[in-house]
Ligand code: PEP
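Residue numbers (the working numbering): 890 to 1139.
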């Protein structure tokens, strides 16, 4: 079975409702219908309209950028995985470095979110990656392996079909500084080997996306790497033509 090819857009906290609506209309027009899975990770208030607009396109799905580690109840301001699913979304990002940093999300907390997501039948895009100081200290390989062990040891093989990984070196996110294809391939191979060690052959089949200043110019050389199955795209996903180019860079 060949691995899925994926271009995931992370709109982060950008765009008004009207702007988001227009961008999605443009994306649906300029992205050719093909075998590449396009996942639009939109802010919570836009999930429903995005799901409605993409309903006619099998190559488009919609995701949230986070979910609560709790099922329901007195958690003011939080959004549950079930709520996300009820808006028509099928995916959720968990463990993005911006949330790990600004909200101090621990491994245990992230595992709680992942379990909630799976209970709501959502697919999870789980993000891992080292910060600059860790790379400079030569710790980057151990960091990502430990991030996998810390959280994914709590999962079973039955969860793997709903799991996508995103390797996002934190020093490359939103900085314009991209990992070289050699750096990306090296880390993706380490992640794939670790998944194989933890879960066997099915673990090695989990899609691994690269994220960190991936754009219309550099996507092709990154996606050409044998263990890179696509990208998680921030800034460049806000420009329809650029995201469309990325979706055709496989
Ligand atoms: C991201 O937010 O996941 C990301 C990769 O952002 P950017 O592409 O802007 O670096």
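Here a beta-carbon is modelled for each residue, glycine too, at the ideal position from N, C-alpha and C.
#1: Got a sec? Which residues, its chain only, sit under 8 Å from residue 1024 by beta carbon, not counting five neighbours each side?
#2: Within the present structure, is the beta-carbon of residue 1109 separated from the nearest heavy atom of the ligand PEP by less than 7 Å?
#3: Looking at C-alpha atoms only, which residue of 905, 1039 and 917 is the closest neighbour of residue 1132?
#4: Determine which residues share a DSSP beta bridge with residue 980 and list them.
#5: To the nearest angstrom, how far is the alpha carbon of residue 849 from that of residue 1018?
#6: Work out the CA separation of residue 1051 and residue 990 for me, nearest whole Å.
#7: Return the bridge partner residues of residue 929 from the DSSP annotation.
#8: Would you kindly report the start and end of the unbroken alpha helix (DSSP H) that includes residue 1111?
#9: Any heavy atom of the ligand PEP inside 7 Å of the beta-carbon of residue 1106?
#10: In this structure, how does DSSP classify residue 1054 when only helix, strand and coil are distinguished?
#11: Go through its chain and collect everything with a Cβ distance to residue 1016's Cβ below 6 Å, but skip five positions before and after it.
#12: Does the distance from the C-beta atom of residue 953 to that of residue 1005 stay below 8 Å?
#13: Rounding to the nearest angstrom, what Cα-Cα distance links residue 1115 and residue 891 in this structure?
#14: Is the beta carbon of residue 1129 within less than 7 Å of some heavy atom of the ligand PEP?
Result, derived from the coordinates:
#1: As a working mapping, residue 1024 is identified with position 135 in the chain shown. Once the five neighbours on either side are set aside, the close Cβ partners of residue 1024 are 1058 and 1060.
#2: On the chain shown, position 220 is the one that residue 1109 refers to. Flag unset: Cβ of residue 1109 not near the ligand PEP.
#3: Counting from 1 along the chain shown, the entry for residue 1132 is found at position 243. Closest option to residue 1132, Cα to Cα, is 917.
#4: Walking along the chain shown from the start, residue 980 turns up at place 91. Note: residue 980 sits in a beta bridge opposite 952 and 1012.
#5: One cannot answer for residue 849 here, as it falls past the ends of the chain, which runs 890 to 1139.
#6: Reading the chain shown from its first residue, position 101 is the one you call residue 990. Reading the chain shown from its first residue, position 162 is the one you call residue 1051. Spanning the two alpha carbons is a distance of roughly 25 Å.
#7: Taking the chain shown and counting its residues from 1, the one referred to as residue 929 is at position 40. Answer by DSSP bridge pairing, in chain order: 898 and 951.
#8: As a position in the chain shown, residue 1111 is number 222, starting the count at 1. Residues 1108-1112.
#9: The residue given as residue 1106 occupies position 217 in the chain shown. No, the beta carbon of residue 1106 sits no closer than 7 Å to any heavy atom of the ligand PEP.
#10: One-based indexing of the chain shown puts residue 1054 at position 165. Here DSSP, grouped into helix, strand and coil, assigns residue 1054 to strand.
#11: Within the chain shown, residue 1016 is the residue found at index 127, counting from 1. Counting only Cβ-Cβ distances below 6 Å, and skipping sequence neighbours, we find 984, 985, 1055 and 1057.
#12: Against the chain shown, residue 953 aligns to sequence position 64. Against the chain shown, residue 1005 aligns to sequence position 116. Their beta carbons are not under 8 Å apart, which means residue 953 does not touch residue 1005 by this criterion.
#13: Position 226 of the chain shown holds residue 1115. Position 2 of the chain shown holds residue 891. About 12 Å.
#14: Position 240 of the chain shown, counted from the start, is the residue given in the question as residue 1129. Residue 1129 Cβ: outside cutoff for every heavy atom of the ligand PEP.
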